[in-house]
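Sequence positions in the sequence shown follow mature numbering (1 follows the signal peptide of the UniProt record, and there is no 0) and run -17 to -1, 1 to 299. Beta carbons: idealized from backbone N, C-alpha and C, even for Gly. What follows is a set of notes on a single structure, which appears directly below.
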Amino acid sequence: MAAVLLVLIAPGASAVATEPTPGLDQSIAPDQPLATDRAVLKAGHVDVGPRYVDDRWTLLIHDDAQRPVWRSPDETVLQVSDAALQTVPDDPAYAFLDVDAGERVYVVPQTQQPDVVWIGWNTQDPRVMRDIDRGVTLTLLGVRGPGAMTVYLQSGNFAAPQVLWRSAEPKPQPLWVEVNTHTHANWVFTRPGVYLVAIQASADLTNGEQVADTKLLRIAVGDATSTDEAFTATADIPSGPAAQATSDSDGAAADGSGGGRSALIALLVGVAVLLIVALIWVQVRGGSAKRRAERERVERAAAGPTDADPTSESRS
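This is the structure we're talking about:
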């Protein structure tokens, strides 16, 4: 790949990837195993995608580098080698990278390169295809890393590129993926180091239910970056809209009533705090008034009777 081909769309716009990258026909067998070992994937074909594990909707990594297996993102590091380094050209089309022309960045290309891990996504697990209603939303929730990450698509006929995800955007960035889609894109990383990429896969099922799962992709960029550090790195996983709508471990309802109960509890606690503060204020004011009245009584007694005091006449 001789040059970096990039795209920029309006900030906040939802991207749509409805067509697979040409030449990526594949099918996934229902009995492909779930690997349990740790793995560092430095080259070869990998996809991010949803799958059911023990009847639970889960976001996994499909590793097709040797024999097809599914892997947990928690036990997998995608290593982007120095073979991915490319020079940013002197072209205003690449201004959204916020990198000066001539600088070197790491590019996982849309078309496969032998020495660079090839990262894509698919919605081709047989049960996923059977159960989802039309497609899956892959949402970038956030990125923690030493530099910026951009993911984009571009066809080979000089068509305008299409940005899908930018780590510089502060809001979640949804990407709609049709059922039975297999796509690869360009991934750009501006600096070497460990990147933790929070991605949520959510969908409406044909039975009316909603499902969602969020995972951290662990990406070690650069030959000198420690994969051990990538395995042990931690980051808070933000909650996306779909994750908030699904049932959580304490049994909150999927219709959001758990959130309503939480809001009501917070309101009642706030009212109780205000009442306590008001009661304390009344008690303090009342105590101050009593002390002031007692002080004035003592002062009058110490001053003795005055002409205005009617008791002085009765004693004369």
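- Excluding five sequence positions before and after N105, the CB atoms of its chain that fall closer than 6 angstroms to its own CB belong to D30, G32, H165, given in chain order.
- For R113, the enclosing alpha helix (DSSP H) starts and ends at 109 to 114.
- Boundaries of the beta strand (DSSP E) around A22: 22 to 24.
- By alpha-carbon distance to D83, the top candidate from S138, E192, R174 is R174.
- In the structure shown, the three-state DSSP call for P75 is helix.
- P153 sits exposed, since fewer than 16 C-beta atoms from the chains shown fall within 10 Å of its C-beta.
- Rounded to the nearest whole angstrom, the C-alpha separation of Y135 and Q107 is 21 angstroms.
- Bridge partners of P144 according to DSSP: none are assigned.
- Between V100 and V126, the CB-CB gap reaches or exceeds 8 angstroms.
- In this chain, the beta strand (DSSP E) harbouring A186 covers 176 to 187.
- Its chain contains H167, A168, N169 as the residues whose beta carbon lies nearer than 6 angstroms to that of Q93, once the 5 sequence neighbours on both sides are disregarded; these appear in chain order.
- With fewer than 16 other CB atoms across the displayed protein chains lying within 10 angstroms of its CB, R50 is exposed.
- At the C-beta level, V91 and I102 come within 8 angstroms of one another.
- For A66, the three-state secondary structure derived from DSSP is helix.
- At the C-beta level, R21 and F214 come within 8 angstroms of one another.
- The straight-line gap separating the alpha-carbon atoms of E161 and T120 is approximately 9 angstroms.
- Membership of T173 in any beta strand (DSSP E) is not indicated, and neither H nor E is assigned to it by DSSP.
- Membership of D30 in the beta strand (DSSP E) is indicated by the continuous run 27 to 36.
- Within the same chain, Cβ atoms closer than 7 angstroms to the Cβ of L199 are found at P56, L179, V180, A181, A218, I220, the five residues on either side in sequence being excluded.
- The shortest C-alpha to C-alpha distance from A76 to any of T189, P144, G205, R39 is the one to P144.
- L61 is a Cβ neighbour of I202, given a cutoff of 8 angstroms.
- Taking C-beta separations shorter than 8 angstroms and ignoring five residues to either side along the sequence, the partners of I11 in its chain run H45, P51, N105, Q107, D108, P109, following chain order.
- Taking the CA atoms as reference points, P155 sits about 11 angstroms from L147.
- Contact check for R87 against T70 passes: the beta carbons are separated by less than 8 angstroms.
- Annotated as distal: Y35 and G205, with beta-carbon spacing of 8 angstroms or more.
- In the structure shown, P56 adopts helical secondary structure according to DSSP, grouped into three states.
- The beta carbon of T133 sits closer than 6 angstroms to those of R149, V171, all from its chain and outside the five residues before and after it, given in chain order.
- Bounds of any alpha helix (DSSP H) do not take in E161; it lies within the beta strand (DSSP E) bounded by 156 to 161.
- Secondary structure at D219: coil, using DSSP grouped into helix, strand and coil.
- Rounded to the nearest whole angstrom, the CA to CA distance from G128 to D211 is 15 angstroms.
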